[in-house]
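Visitor:
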Amino acid sequence: FHYPKTIVRTSGGVPVALEEAMDRLGLSKDALEETPVQSSSVDVVVIVGRDYSRLKELFRERNRHRPQ
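First residue of the sequence shown: 31, per this note's numbering; consecutive thereafter.
1) Could you spell out where the beta strand (DSSP E) holding V76 opens and where it closes?
2) Any idea if V38 is buried or exposed, counting beta-carbon neighbours within 10 angstroms, 16 or more meaning buried?
3) Do R92 and G56 come within 8 Å of each other at the CB atom, strictly closer than that value?
4) If we ignore side chains and look at the alpha-carbon of each, how far apart do V72 and V44 end up?
5) Can you look up R39 in the DSSP assignment and give me helix, strand or coil?
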């Protein structure tokens, strides 16, 4: 974990599916970087940072309260 915070890099804008995924992971829009991705075969790169433990707890808490 060389990164202090989780980062999401995208080169294709921010589709609704990406917004939903970031919300489910507990990531704010501050984690998003719109930048050219090195590989042409990927649209999104997620770099998991040292904040993983906090994000994992947020994810569990949110899922505990979601209707089934």
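We put the CB at the ideal spot given by N, CA and C, even for glycine.
Guide: Judging by the given coordinates:
1) First-last of the beta strand (DSSP E) with V76: 74 to 77.
2) By the 10 Å Cβ count, V38 comes out buried.
3) Cβ atoms of G56 and R92: closer than 8 Å.
4) Their backbone Cα atoms lie some 14 Å apart in a straight line.
5) strand
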